[in-house]
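Novice: Reminder that position 48 of the sequence shown reads as 48 in full-length UniProt numbering, one-by-one numbering, no gaps.
For every residue, glycine included, the Cβ atom is placed at its ideal position computed from N, Cα and C.
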Amino acid sequence: TSTCPLPLLSRFRPTPFGSNHAETKYRVLKIDRTEPKDLVLIDDGHIYNQQEVRDLLSRLDMGNRTKIGQKGLSGLSRAVSAFGIVGFVRFLEGYYIVLITKRRKLADVGGHSIYKIEDTNIIYIPNDSVRIAHPDEPRYVRIFQSVDLSSNFYFSYSYDLTHSLQFNLRVLKMPSERLKSEIFRQESFDIFEDEGVTTQDGTSDVHYGIRNEPYLKYAWNGHILENLKDTVHHDWLLYIIHGFCGQSKLLIYGRPVYVTLIARRSSKFAGTRFLKRGANCEGDVANEVETEQIVHDASMTSFSAGSYSSYVQVRGSVPLYWSQDISTMMPKPPITLDQADPFAHVAALHFDQMLQRFGSPIIILNLVKKREKRKHERILSEELFSAVTYLNQFLPPEYYIQYIAWDMAKYTKSKLCNVLDRLNVIAEDVVKRTGFFVNRPDFYCSSLRPDERWNELGGYIHANCRLQTGVLRTNCVDCLDRTNTAQFMVGKCALAYQLYALGVIDKPRLQFDTDAVRLFEELYEDHGDTLSLQYGGSQLVHRVKTYRKIAPWTQHSKDIMQTLSRYYSNAFSDADRQDSINLFLGVFQPTDGKPHLWELPTDYYLHRKNTMALLSPKRSYTHWWTPEIIINLPLPYDEVSCTENLKKVTIVKKTDKYDEEIDIYTEFFRPYELSCFDDTFCLQMTNSAKDFMPKNVGIDPSPFTVRKPEETGKSVLSNKSNKEEAVLQRKTVASAPPPPSEEAVSSSSEDDSGTDKEEEGPISQRSTPVKMTDSGDSTKVTETLIILASRLNYLCHIRSLISIKGFVVVGFFILGVGSHPKEKKKVIISTRFSILLFRNPVSSFPPDSIYEVHLTELDRKSVEIFTAHIQAGRGMMQPMFKDDMIVYREYIKNRYM
Numbered sequence: 001t002s003t004c005p006l007p008l009l010s011r012f013r014p015t016p017f018g019s020n021h022a023e024t025k026y027r028v029l030k031i032d033r034t035e036p037k038d039l040v041l042i043d044d045g046h047i048y049n050q051q052e053v054r055d056l057l058s059r060l061d062m063g064n065r066t067k068i069g070q071k072g073l074s075g076l077s078r079a080v081s082a083f084g085i086v087g088f089v090r091f092l093e094g095y096y097i098v099l100i101t102k103r104r105k106l107a108d109v110g111g112h113s114i115y116k117i118e119d120t121n122i123i124y125i126p127n128d129s130v131r132i133a134h135p136d137e138p139r140y141v142r143i144f145q146s147v148d149l150s151s152n153f154y155f156s157y158s159y160d161l162t163h164s165l166q167f168n169l170r171v172l173k174m175p176s177e178r179l180k181s182e183i184f185r186q187e188s189f190d191i192f193e194d195e196g197v198t199t200q201d202g203t204s205d206v207h208y209g210i211r212n213e214p215y216l217k218y219a220w221n222g223h224i225l226e227n228l229k230d231t232v233h234h235d236w237l238l239y240i241i242h243g244f245c246g247q248s249k250l251l252i253y254g255r256p257v258y259v260t261l262i263a264r265r266s267s268k269f270a271g272t273r274f275l276k277r278g279a280n281c282e283g284d285v286a287n288e289v290e291t292e293q294i295v296h297d298a299s300m301t302s303f304s305a306g307s308y309s310s311y312v313q314v315r316g317s318v319p320l321y322w323s324q325d326i327s328t329m330m331p332k333p334p335i336t337l338d339q340a341d342p343f344a345h346v347a348a349l350h351f352d353q354m355l356q357r358f359g360s361p362i363i364i365l366n367l368v369k370k371r372e373k374r375k376h377e378r379i380l381s382e383e384l385f386s387a388v389t390y391l392n393q394f395l396p397p398e399y400y401i402q403y404i405a406w407d408m409a410k411y412t413k414s415k416l417c418n419v420l421d422r423l424n425v426i427a428e429d430v431v432k433r434t435g436f437f438v439n440r441p442d443f444y445c446s447s448l449r450p451d452e453r454w455n456e457l458g459g460y461i462h463a464n465c466r467l468q469t470g471v472l473r474t475n476c477v478d479c480l481d482r483t484n485t486a487q488f489m490v491g492k493c494a495l496a497y498q499l500y501a502l503g504v505i506d507k508p509r510l511q512f513d514t515d516a517v518r519l520f521e522e523l524y525e526d527h528g529d530t531l532s533l534q535y536g537g538s539q540l541v542h543r544v545k546t547y548r549k550i551a552p553w554t555q556h557s558k559d560i561m562q563t564l565s566r567y568y569s570n571a572f573s574d575a576d577r578q579d580s581i582n583l584f585l586g587v588f589q590p591t592d593g594k595p596h597l598w599e600l601p602t603d604y605y606l607h608r609k610n611t612m613a614l615l616s617p618k619r620s621y622t623h624w625w626t627p628e629i630i631i632n633l634p635l636p637y638d639e640v641s642c643t644e645n646l647k648k649v650t651i652v653k654k655t656d657k658y659d660e661e662i663d664i665y666t667e668f669f670r671p672y673e674l675s676c677f678d679d680t681f682c683l684q685m686t687n688s689a690k691d692f693m694p695k696n697v698g699i700d701p702s703p704f705t706v707r708k709p710e711e712t713g714k715s716v717l718s719n720k721s722n723k724e725e726a727v728l729q730r731k732t733v734a735s736a737p738p739p740p741s742e743e744a745v746s747s748s749s750e751d752d753s754g755t756d757k758e759e760e761g762p763i764s765q766r767s768t769p770v771k772m773t774d775s776g777d778s779t780k781v782t783e784t785l786i787i788l789a790s791r792l793n794y795l796c797h798i799r800s801l802i803s804i805k806g807f808v809v810v811g812f813f814i815l816g817v818g819s820h821p822k823e824k825k826k827v828i829i830s831t832r833f834s835i836l837l838f839r840n841p842v843s844s845f846p847p848d849s850i851y852e853v854h855l856t857e858l859d860r861k862s863v864e865i866f867t868a869h870i871q872a873g874r875g876m877m878q879p880m881f882k883d884d885m886i887v888y889r890e891y892i893k894n895r896y897m
């Protein structure tokens, strides 16, 4: 998706209203509450303005009053304020609507915000007068709500989280006849930037945005949104992913570089540790997670002008029919192969999916044990090797599935072997084969200071970018501890190449005990802990420090506790968690007259459908791949410009260039919204300069300098309190309450006051109300800073310059100061707009990002505004502008009265 969906800011029963960020456009979704079991949705498709919405609400209010003209009895009652619809779900009675009532911003990628769901609300739709009660309905509701949507579920209004950055930026740039006919020209364009073209009559400009369908394998609410897809506008659909999202900041001599880690858990064959092993008959494996690390230069947010890089790797259970019997309550239940698969049918289906999404080569890193006194893990190694050998004999040699088997547990026990050194060799080889994605051509510094490893990189090298072709698939038995460490080492190697490609470092190599690697290691450990809790019921048992053999003694006792916690979760709580996942994902659908979910002895047949009717016609045992996929290798078929992929593309036409649906400026800066500093700068992340760099003067501030533990002030064996404080900050501010603007209003229908109820929390996370005080002492005055988007004529003038090539957005101004000397009150009101600098390249090499900048020519009024801002900083207060007061009063009147 490339447009900005309409977040749900206000909810009225029975008609939901959705608004954009600026609250200038509204959509209405009508829900029929007289149907006891059917879902009847009506989307008129009309876009309302504020006045039209007020008129519509007024008519609804009058039409629903018990007595026309009677005051005090409103016909409308506010149900809940929300930020999006998760979906509609039905059990044995009528439908429920699931709403996001609280969110928190976690990351920012190219100006597109990524949010974590903090709280949800489920509302029963049918009216009480038509409700047909069922005795088992409350139990199904409790099971459904056992899937905690406030735990590691993420969404974005304008960025497709189900796809990788490479897919989002590249798939629609490839030329196609359909796109040429739509935009009347032969150019390719960015799916996240607006493009203006002139119509054939030459009278007006038409601007285009592109929306792509999500990859439903990683969308966890795809099933409960199924009823909406064909009946409502796309802006009502908000797909969420489950997994992990974290972002940290590297400061390289003041230059900000963001490192983002996004993990997408598959919704196919999903479940808990011992209850979901191997693969189902469709080739979907248990605990399949796609991990993507995105590195970008945060000094420029535009996808078209900025520098962005990503690398993707996958973890997942061994793609065979196997399981473990937990009825005996053993710590390590025996591994059994459930059925013979001599033609590697299920493995063929799985690798065909991977070739379609990632291209070639597919590299398997198998970390399970190969030598055991009693066969346990070795059963899987032998069977997987046989399956890969069988499949490779029919593939062209250049597209072989590459198999790397390494007994990581054996090497860990040896005192003579360094596990991470061996993993580093494997990582170098893997990254060279697959390459990675960069959205810009190579810097000239790569040619001036050549590195022999850089020239050996694989992937698909285009004139304007580099593409990753193929992927590393890592697995052990559980895909938790060993897998996370191996993925960290591969990610560390890829990070070095990504930073080198962005011109940050001069050699594609990173060493341990540097601030950059420490930050990346903490990010990956958070990633591993989160995925381990979701699948295994506890945090990681063995971490990177464990394999480096520098873990403190206290860590061993924690490892024992994590092992016991994982064992308890697997033995007593996983069955209930599995039932809730099956109900949430629609694997089991309650039906009258059939057994209930809790009455089923096993969910085996829910995840493994009728194989006789599954594949028609039957797939070949030799040509096991899809023909279209093999033709386009090494490129992934999903990113090829073909008829099938173009059917998933929707062209959005707009006559207004600054429409939020195609204009990223309005989405990111939101110039027409009243806000405060806590809201504008609510995103907190781990910072290399603040959390990892030493405080001593005279030490090299580079995050790539190797430091000793005593230099950082965070010794491994001491300073426990400082470490715990850093860990608390590192957890993506999990304990901090969200900003006030993102906290939902109480959903109670009795509360008609409209006031927000804030939770207790740090002052930095809460807005300060406007407070006027009378004091005899002129030095004791209360100042409240409000960012007010006034001076619209100047804003529109400045906004019109954004489209001119060579102008960039670099910051904010705060201006306009008013005071009232008689009452000795002071209120600072300011206008937010962007500083525009003219960008002139000074490098002899055009692709380099080396520019000189100077201010643009401004009119006299703009100079006066800037002068007033400087004087305000020096304490020279000026009267408040009349236009500011009018705009502010109108905003308060429309928003709160």
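Could you tell me which of K690, F385 and E290 sits nearest to P319, measuring between CA atoms?
Specialist: Out of K690, F385 and E290, F385 has the C-alpha closest to the C-alpha of P319.
Novice: Between which two residues does the alpha helix (DSSP H) harbouring I550 extend?
Specialist: Where I550 is concerned, there is no enclosing alpha helix (DSSP H), given that its DSSP letter is neither H nor E.
Novice: At which residues does the beta strand (DSSP E) containing N424 begin and terminate?
Specialist: It is not in any beta strand (DSSP E) - N424 instead sits in the alpha helix (DSSP H) that spans V419 to T434.
Novice: Which complete beta strand (DSSP E) runs does the stretch 283 to 356 hold, if anything under 3 residues is left out?
Specialist: 289 to 297, 308 to 315, 322 to 324 and 335 to 337
Novice: CA-CA distance, A305 and I630?
Specialist: 34 Å
Novice: Would you tell me roughly how many angstroms separate the C-alpha atoms of A575 and F269, rounded to the nearest one?
Specialist: 15 Å
Novice: Is the stretch 320 to 333 touching the stretch 289 to 309, taking contact as three or more C-beta pairs under 8 Å?
Specialist: no
Novice: Which one of R707, N121, K492 and K105 has the shortest CA to CA distance from P508?
Specialist: K492
Novice: So what's R543 in DSSP terms, helix, strand or just coil?
Specialist: coil
Novice: From E193 to S327, what distance separates their C-alpha atoms?
Specialist: Any reading at E193 must be qualified, since the residue scores a pLDDT of 41, below 50, and its modelled position is unreliable; the value itself is stated next. About 56 Å.
Novice: Below 8 Å between beta carbons: does that hold for A263 and L495?
Specialist: no
Novice: Shorter than 8 Å from the beta carbon of R265 to some beta carbon of chain B?
Specialist: Considering every chain present, this structure includes no chain B. It has just one protein chain.
Novice: Alpha carbon to alpha carbon, how far is N696 from S767? Give it in angstroms, no decimals.
Specialist: Its pLDDT being 33, under 50, S767 is placed unreliably in this model, and the coordinates cannot settle the point.
Novice: Quick one: grab the DSSP three-state call for Q402.
Specialist: strand
Novice: Could you tell me whether the stretch 680 to 695 touches the stretch 243 to 251, using the rule of 3 or more Cβ pairs below 8 Å?
Specialist: yes
Novice: Compare the Cα-Cα distances from F488 to each of I97, V438, D526 and Y411 and report the closest residue.
Specialist: Ranked by Cα distance from F488, the options I97, V438, D526 and Y411 are led by D526.
Novice: Identify whether D148 lies in helix, strand or coil by the three-state DSSP scheme.
Specialist: coil
Novice: Which class does R374 belong to by DSSP, given the choice of helix, strand or coil?
Specialist: coil
Novice: Straight-line CA distance for G316 to N475?
Specialist: 6 Å
Novice: Which two residues bound the contiguous alpha helix (DSSP H) that contains F520?
Specialist: D515 to Y535
Novice: Which of the three DSSP states, helix, strand or coil, is assigned to N221?
Specialist: coil
Novice: Tell me which same chain residues have a C-beta within less than 6 Å of the C-beta of T231, skipping the five on either side of it?
Specialist: L41
Novice: I want to know whether the stretch 516 to 524 touches the stretch 464 to 483 - three or more CB-CB distances under 8 Å.
Specialist: no
Novice: Just checking, does the stretch 430 to 449 make contact with the stretch 135 to 153 on the three C-beta pairs under 8 Å criterion?
Specialist: no
Novice: Nearest to N366 by CA position, among A409, N392 and K375, is which residue?
Specialist: A409
Novice: So which of D32, L420 and G528 has the shortest CA-CA distance to P126?
Specialist: D32
Novice: Would you report the Cα separation of Q145 and K116, rounded to the nearest angstrom?
Specialist: 17 Å
Novice: Apply the 10 Å Cβ neighbour rule to Y26 and answer buried if 16 or more other Cβ atoms are within range, or exposed otherwise.
Specialist: buried
Novice: Span of the alpha helix (DSSP H) holding S266?
Specialist: From DSSP, S266 is part of no alpha helix (DSSP H); its letter is neither H nor E.
Novice: Out of K413, I461 and Y621, point me to the one whose CA is closest to Q393's CA.
Specialist: Nearest C-alpha to Q393 among K413, I461 and Y621: Y621.
Novice: What are the start and end residues of the beta strand (DSSP E) that includes R103?
Specialist: It spans Y95 to V109 - the beta strand (DSSP E) in which R103 sits, taken as one unbroken run.
Novice: The beta strand (DSSP E) spanning R473 covers which residue range?
Specialist: V471 to N475
Novice: Between the stretch 636 to 656 and the stretch 365 to 380, do three or more beta carbon pairs fall short of 8 Å?
Specialist: With the cut-off at 8 Å, the stretch 636 to 656 and the stretch 365 to 380 do not touch.
Novice: For V716, name the three-state secondary structure that DSSP assigns.
Specialist: Residue placement at V716 is flagged as unreliable, the pLDDT there being 35, under the threshold of 50; the coordinate-derived value follows with that caveat. The answer is coil: DSSP assigns V716 none of H, G, I, E or B.
Novice: Just to confirm my understanding: we take S580, look at its own chain, exclude 5 residues before and 5 after, and list those with CB closer than 6 Å. What are they?
Specialist: I143, S146 and V147
Novice: Looking only at its own chain, which residues have a Cβ that is under 7 Å from the Cβ of S323, when we skip the five neighbours before and after it?
Specialist: R277, G278, T336 and D338
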